[in-house]
Amino acid sequence: MRMLCSLHIENIAVIKSADIDFPAGFTVLTGETGAGKSIIIDSINLICGAKQSKELIRSGEDTAQVAAVFGELAPHTLDALSELGISPDEDGVLMFQRTITSSGKSSARVNGRVIPLSLQREAMKYLIGIHGQHDNMALLMPENHIIYLDEFADIEAELADYGESYDKFCDLNRRIDELSKNEREKAQKLEFLRFQIDEIEAAKLKPDEEDRLLDKRAKLQNSERIAQLSGTVYSLLYRNDKGTAALDKVKRAMKALDALSPVMEDAEGMAVRLDAITYELEDIALSVGALAEEAGDDPSGELDKIETRLDEIAKLERKYGDTIPEVLAFLENAKEQLEGIELAEEKLAELCMERERLMPILSAQAEELSERRLEAASRLEARIVEELAYLDMGGVSFSAGVRHRVETDGGASYARRGVDDVEFLISTNKGEPQKPLAKIASGGELSRIMLAIKSVLAEKDAPGTLIFDEIDTGVSGKTSQKIGIKLRSLSENGGGQVFCVTHSAQIAARAENHYLISKREKDGRVSTSVAPLDREGRVKEVARIMGGINITDRLLETAMEMIDEK
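In structure tokens, the structure reads:
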């Protein structure tokens with residue numbers, strides 16, 4: 418099975434352009450210090466979705482790009498990618514690209530299709546696993562140990578089921594807390610809302626009431642003048658002692674027209690028109706007369722009542738709105754708030770019941786995770802001790818401690834991965850008590866412990882391409898040789914690829930494929946190149962790693978023997 422087929426790097430640090438084809442098996446990358454080995458890892462990290470840095474872009478360039486081609490993917494890898502909506506082309510090939518710019522922009526693509534960087538990052542978990550010095554540091558953090566144990570226990574499905582319940586649990590807790598907080602403040606709010614509602618409802622406001630009252634008040638305030646003028650209009654139109662009212666004159670005119678009708682053809686029509694006018698004049702006169710009578714007095718102090726009512730309305734408008742419609746709108750809003758708070762009490766009880774129903778499910782799922790971890794822990798311990806013994810750490814005792822977290826009240830403390838804390842403990846000398854890794858393990862021991870863990874996990878469902886960055890840090894030549902053998906066996910037994918950036922001749926000699934990273938200067942600029950080595954080149958490079966500048970025939974012979982050793 419072959420995974421990472423090729424890598425294209427453009428304008429990354431001192432690499433102008435590089436195209437590297439990778440075979441299957443165990444591959445090492447070597448070169449002098451400062452040649453640019455870390456650039457290869459940085460480039461692969463970019464493809465894997467690492468945070469970009471414009472410092473990675475080659476000086477004088479605006480953009481940089483990395484492209485990785487994957488092929489001959491395992492069925493389980495294809496299934497996992499398919500769930501993410503990613504499928505290879507008709508040739509079974511996937512090409513992931515990552516472009517970064519000096520302005521800070523970034524884009525990701527798969528087979529030419531733009532995808533979110535988060536999706537590319539998720540997809541790469543199934544394709545590449547990178548293990549460097551930062552992984553050794555992560556090994557010192559107990560919070561990461563549960564991740565390693567869970568991966569070994571193969572409980573991904575159970576974790577997903579628990580995670581779904583845990584998300585519901587957290588959401589219910591959040592909503593319950595929101596409804597429960599500030600009980601005193603909520604009680605004060607309820608009291609104030611009820612007061613506001615009672616005050617407005619007691620007034621029994623009507624939308625057009627204020628306009629009608631203002632109109633009526635204006636009439637009452639001008640009642641004397643209204644009575645005088647309306648009386649004058651009434652006498653002029655309808656009736657007065659002198660008989661000069663307009664209605665009397667119109668009636669006399671009608672009689673005259675009636676008398677003319679026998680001798681004047683149009684007289685009758687004119688009389689009919691005057692008759693219509695008399696009805697209109699009479700109606701106007703009676704209306705004005707009624708107005709005069711109404712304005713002539715103030716029944717039961719009505720003006721005072723109107724003034725009192727207008728004062729009441731003005732008081733409410735100062736507190737709740739500029740107009741009666743605004744005050745009534747405030748009333749409706751206050752009722753809605755009151756109802757919401759009162760309903761919140763019912764909702765709170767409902768949410769608490771829902772949480773109570775969820776707790777047995779969550780507890781059972783967490784307990785299943787704990788049981789699976791405890792069972793897996795003993796198997797992991799045995800395998801790690803076995804691997805460490807091979808890597809020259811015999812006599813080591815190792816344990817993966819699993820313990821329940823508890824709250825102060827004695828109940829289980831639920832978290833994203835259940836109710837367990839996991840911590841790896843180790844003793845590197847017989848008879849010594851086990852202690853946390855950070856208190857015992859040296860740099861070289863950490864590298865071997867990490868390799869042991871990765872070797873064991875690779876037996877499960879590891880990505881098809883594993884990359885180890887300077888896994889040989891702090892170890893001796895003999896141990897380095899065993900690390901090299903272990904890395905090669907990882908590629909052979911797992912059927913995938915293993916890459917190692919190394920300074921160790923022993924590890925380099927065990928590789929099936931060897932790439933040299935070198936730096937040269939041209940036209941005043943430094944550039945880095947990556948090239949595969951043939952057998953002769955491998956012998957020279959392994960000899961250089963062992964002897965530095967002075968490469969003797971003896972070193973070359975030793976290098977050849979190391980490479981030929983099975």
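Per this note's numbering, residue 418 is the first one in the sequence shown, and the count goes up by one each step. Ideal Cβ positions, reconstructed from N, Cα and C, are used throughout, including at glycine.
Distance between S499 and I572, taken at the CA atoms: about 21 Å. For the set F609, G818, K736 and I503, the Cα lying nearest the Cα of I843 is the one of G818. The distance from the Cβ of I461 to that of I884 is about 7 Å, consistent with a contact at the 8 Å cut-off. Per DSSP, the continuous beta strand (DSSP E) segment holding E840 begins and ends at D837 to S844.
For P777, the enclosing alpha helix (DSSP H) covers residues I741 to Y807. Membership of D675 in the alpha helix (DSSP H) is indicated by the continuous run A663 to L677.
Contact fails between the stretch 562–578 and the stretch 896–916, because fewer than three Cβ pairs, one in each stretch, are under 8 Å apart.
Of the residues L863, L691 and P559, the one whose Cα lies closest to the Cα of F841 is P559.
Non-local C-beta neighbours of K542 in its own chain, meaning closer than 8 Å and more than five positions away in sequence, comprise P880, ordered along the chain. The alpha helix (DSSP H) runs lying completely inside the stretch 891–976 and spanning 4 residues or more are 894–911, 922–927 and 952–964, given in chain order.
For the pair L610 and Q754, the CB atoms are nearer than the 8 Å cut-off. The beta carbon of R905 sits closer than 6 Å to those of F443 and R927, all from its chain and outside the five residues before and after it, given in chain order. Inclusion of G466 and L511 in the CB contact set at 8 Å is not warranted, their separation being larger than that value. Cβ-Cβ separation between D886 and G509: approximately 29 Å, too far for a contact (criterion under 8 Å). The continuous stretches of alpha helix (DSSP H) do not include S470, and DSSP gives it neither H nor E. Shown here, G861 sits in a helix according to DSSP, grouped into three states.
Its chain contains T447, H920, S921, A922 and A925 as the residues whose beta carbon lies nearer than 8 Å to that of I962, once the 5 sequence neighbours on both sides are disregarded; these appear in chain order. Contact between the stretch 796–815 and the stretch 741–752 is absent: fewer than three C-beta pairs spanning the two stretches fall below 8 Å. Using a Cβ distance threshold of 8 Å, L674 and A662 do not count as a contacting pair.
Separation of T882 and R790 (C-alpha to C-alpha, rounded to the nearest whole angstrom) is 27 Å. With contact defined as three or more Cβ pairs closer than 8 Å, the stretch 765–779 and the stretch 807–818 are not in contact. Going by DSSP, F513 is part of the beta strand (DSSP E) stretching over L511 to T518.
Around the beta carbon of S704, fewer than 16 other beta carbons sit within 10 angstroms, so the residue counts as exposed.
Counting along the chain, N428 sits inside the beta strand (DSSP E) bounded by residues L421 to I429. Here A783 is near A829, since their CB atoms are less than 8 Å apart.
Within the stretch 444–501, the beta strand (DSSP E) runs of at least 3 residues that lie entirely inside it are, in chain order, 480–487.
Ranked by how close their Cα comes to the Cα of I730, the residues L677, L630, G648 and V802 have L630 in first place.
Rounded to whole angstroms, the gap between the alpha carbons of D632 and A688 is 40 Å. When DSSP states are grouped into helix, strand and coil, S434 belongs to the strand group.
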